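Data block below; observations after.
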Amino acid sequence: MINESMITRTIIEKAAKDWVNLSEIDVAVVGAGPSGLTAAAYLAKAGLRTVVFERRLSFGGGIGGGGMLFHKIVVQSPAEEILREAGCPLEKVGEGLFATDSSTAIAKLANSAIDAGAKIILGVTVDDVIFRDETQPKIVGVVLQWTAVIMAGIHVDPLGVKAKAVVDCTGHDAEVLSVASRKIPELNLSIRGEKSMWASEAEKLTVEKTGEVCPGLYAAGMAAAALHNTPRMGPIFGGMLLSGKKVAQLIVEKLRK
Ligand code: 48H
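Here it is in structure tokens:
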């Protein structure tokens with residue numbers, strides 16, 4: 479029998495149990511765009527307790543808009559392997575160049591992360607980091623608030639989640655790096671944003687610049703481009719996928735030491 483109180487109890491009990499487990503995790507990935515979903519898939523495949531916190535009630539970030547709302551994205555070799563591994567159908571459109579539907583790419587990347595064991599929590603905004611400065615400044619977690627509370631403009635104290643690694647996958651605004659640079663000047667971070675478009679350089683540099691920013695804090699995807707002031711690339715997504723995979727590999731290596 480359907481019973482309203484049973485529905486309510488189930489939701490609250492199950493969510494509360496999840497949140498208790500979430501209070502201390504291996505990796506907090508901030509943002510469920512292409513870099514965040516890819517990072518989460520590879521982190522979870524490596525056995526790390528990985529949670530993606532996404533501000534919106536949907537995932538995919540900038541993929542959804544395809545190119546200027548035309549519903550296709552382009553990826554180049556070797557990044558198409560990541561989509562292929564996720565079960566995403568690809569159409570070859572040139573030497574080492576492939577196209578797919580933006581909605582398909584989102585679904586397959588998210589599915590791959592979830593199947594690997596990552597958790598994706600929607601409707602939650604990371605609006606600060608947790609830090610320690612015993613021998614040197616380090617990031618040890620994220621500070622969370624319901625997106626709806628932020629939108630309502632009311633003051634509600636947030637919750638903190640401890641993580642061994644935090645990955646900024648928030649895209650152009652590099653929100654985690656920005657808050658860390660503002661509130662922890664000792665980190666000497668300056669986020670200048672990305673440069674104008676130069677697709678081939680941008681794709682290469684985004685992956686090159688992906689990595690650890692300070693102990694415990696990593697940048698991937700457009701957040702890495704914003705931090706290092708490298709060019710933008712438009713709706714080609716190979717760099718985002720490769721960046722997500724690279725950051726996952728770096729974290730796995732670091733946490734296994
Ligand atoms: C929780 C947050 C917060 C926050 C933001 O923008 P994204 O798709 O990011 P990437 O880096 O994975 O991919 C970038 C790509 O989509 C893109 O914009 C490209 C290739 N542009 C090229 C060009 O020339 O313009 O996803 C970021 C996600 C989004 O879903 C946000 O809602 C989410 O992060 N987010 N989630 N807490 N503080 N800030």
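Under my numbering, the residues of the sequence shown are numbered 479 to 735, in order.
Glycine included, every Cβ here is placed at the ideal spot set by N, Cα and C.
In this text the structure is predicted, and so the values were computed from the model without any measurement.
From which residue to which residue does the beta strand (DSSP E) around Glu502 run?
Here residue 502 refers to the residue found at position 24 when the sequence shown is read from its first residue. Note, Glu502: beta strand (DSSP E), Glu502 to Val508.
Exposed or buried, which one is Glu664 when buried takes at least 16 other CB atoms within 10 Å?
As a working mapping, residue 664 is identified with position 186 in the sequence shown. Looking at its Cβ environment, which holds fewer than 16 other Cβ atoms inside 10 Å, Glu664 is exposed.
Determine which residues share a DSSP beta bridge with Glu569 and list them.
As a position in the sequence shown, residue 569 is number 91, starting the count at 1. Glu569 pairs with Ala577.
On the DSSP bridge assignment, give the partners of Phe442 in chain order.
Since the first residue of the chain shown is 479 and the last is 735, residue 442 is not available in this structure.
Just reading off the alpha helix (DSSP H) that Leu728 is part of, what are its end residues?
Indexing the sequence shown from 1 puts residue 728 at position 250. Where Leu728 is concerned, the enclosing alpha helix (DSSP H) stretches over Gly716 to Arg734.
Taking contact to mean at least 3 C-beta pairs separated by less than 8 Å, is the region 546-560 in contact with the region 699-711?
The region 546-560 is not in contact with the region 699-711.
Tell me which residues share the same chain as Pro693 and place their Cβ nearer than 6 Å to its Cβ, disregarding the 5 neighbours each side in the sequence.
Residue mapping note: residue 693 aligns to position 215 of the sequence shown, counting from 1. Answer for Pro693: Lys616, listed in chain order.
Using CA atoms only, rank isn't needed, just tell me which of Gly671, Met675 and Glu690 is closest to Asn707.
Start at 1 with the first residue of the sequence shown, and residue 707 comes out as number 229. Here the closest residue by C-alpha is Gly671.
Closer than 6 Å to a non-hydrogen atom of the ligand 48H - does that hold for the CB of Cys647?
The count along the sequence shown starts at 1 and reaches residue 647 at position 169. Because some heavy atom of the ligand 48H lies under 6 Å away, the Cβ of Cys647 counts as near it: yes.
Could you pull the start and end residues of the beta strand (DSSP E) that Leu622 belongs to?
On the sequence shown, position 144 is the one that residue 622 refers to. Counting along the chain, the beta strand (DSSP E) containing Leu622 begins and ends at Pro615 to Trp624.
Taking the alpha carbon of Leu683 as the point to measure from, which residue in Ala704, Thr648, Leu547 and Arg660 has its own alpha carbon closest?
Counted from its first residue, the sequence shown places residue 683 at position 205. Selected option, being the one with the closest Cα: Ala704.
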